[in-house]
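Enquirer:
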Ligand SMILES: Nc1ncnc2c1ncn2[C@@H]1O[C@H](COP(=O)(O)OP(=O)(O)O)[C@@H](O)[C@H]1O
Ligand SMILES: [Mg+2]
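Set out below in structure tokens:
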């Protein structure tokens, strides 16, 4: 029963997210993106579009450049060539206001990066207080509203090490949402989790998608991609090989490299 209660809390309606967040979604346009590390050309000319409010799942083998692509979008990496726009910001323009642009982008990683010495609530208020200049009361009200959307308001006094991995990841999502982002980037958010905690994280992400957030999600969760993604993009060796509706790319992939990748992901024991 406690399992069900947790799941119920994590899957309450999308309207709750909207009430807490009131999102205005930003789109992303990537064209001709190249990125090398020394001699290693990791991104070889990527064109990709995520419309405002759209959910795109990015799939592909390890090393194909998925994380590098995400990191270029908020300029944690500097591209060698190409352009990226996020909402009204041209990420690749020399005069871009990186602070303003990054405030619109929430990022959730495989590792949650919560501050271990702070409570869940403090983890969710520290950045809005420092960066947005919110008062303690204002930041706490917003943080509790976001923690409620991921079903964790009742654990706001806990420290991260008192939570499961899945709960910590939901805190990381709530923390990102307190900054009122217009785009959320997820880089394998469930890959480090115990299997039984994955579902509640995906449920929170689905709810966020239903609330209209623009989401670019690197994931190996094909069930999530099928169910939640508007589009799936398959990358291999620094190039987009195939993209389209999830039912097409996952259900009946056309390219041999996509077929091979999905065969290995969906049926790891096969020859
Ligand atoms: N900071 C870096 N310095 C050097 N090489 C890197 C760096 N980040 C990524 N790479 C290389 O880029 C390639 C793609 O990595 P990555 O974007 O992490 O792929 P994926 O997320 O699809 O597994 C890999 O060969 C990786 O070793
Ligand atoms: Mg990666």
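Numbering (my numbering), first residue to last: 58 to 328.
Don't be surprised by glycine CBs; every beta carbon is placed ideally from N, CA and C.
1. Rounded to whole angstroms, what's the CA-CA distance from residue 149 to residue 135? Just pull it up for me.
2. Which term fits residue 213, buried or exposed, when burial requires 16 or more other beta carbons within 10 angstroms of its beta carbon?
3. How would you write the range of the alpha helix (DSSP H) that residue 230 sits in, first residue to last?
4. Within 10 angstroms of the Cβ of residue 159, are there 16 or more other Cβ atoms? Answer buried if so, exposed if not.
5. Assuming residue 312 contacts residue 298 under a Cβ cut-off of 8 Å, what Cβ separation, rounded to an integer in Å, is found between them?
6. What residues match up with residue 86 in a beta bridge as DSSP calls it?
7. Can you tell me whether residue 93 is helix, strand or coil according to DSSP?
8. May I have the straight-line CA-CA distance separating residue 98 from residue 294, to the nearest angstrom?
9. Please list the terminal residues of the continuous alpha helix (DSSP H) segment that includes residue 319.
10. Heavy atom of ligand 2 less than 8 Å from the Cβ of residue 275, yes or no?
11. So is residue 66 buried or exposed if we call it buried at 16+ other beta carbons inside 10 Å?
12. From the DSSP output, read off the bridge partner residues of residue 114.
13. Around the C-beta of residue 78, are 16 or more other C-beta atoms found within 10 angstroms, so that it is buried, or is it exposed?
14. What did DSSP end up calling residue 78 once you bin it into helix, strand or coil?
Expert: Inspection of the coordinates gives the following:
1. 8 Å
2. buried
3. 222-234
4. buried
5. 5 Å
6. The partner list for residue 86 (beta bridge, DSSP) reads 106 and 142.
7. strand
8. 9 Å
9. 313-323
10. yes
11. Unreliable positioning characterises residue 66 in this predicted model, as indicated by a pLDDT of 46, which lies under 50. A coordinate reading is not provided.
12. 274 and 289
13. Confidence at residue 78 is low in this model, with a pLDDT of 48, below 50, so the placement of that residue should be treated as unreliable; the coordinate-derived value is given next. Residue 78 is buried by the Cβ-count criterion.
14. Model confidence at residue 78 stands at a pLDDT of 48, short of 50, so the residue's coordinates are unreliable; what they give is reported in the following sentence. Helix at residue 78.
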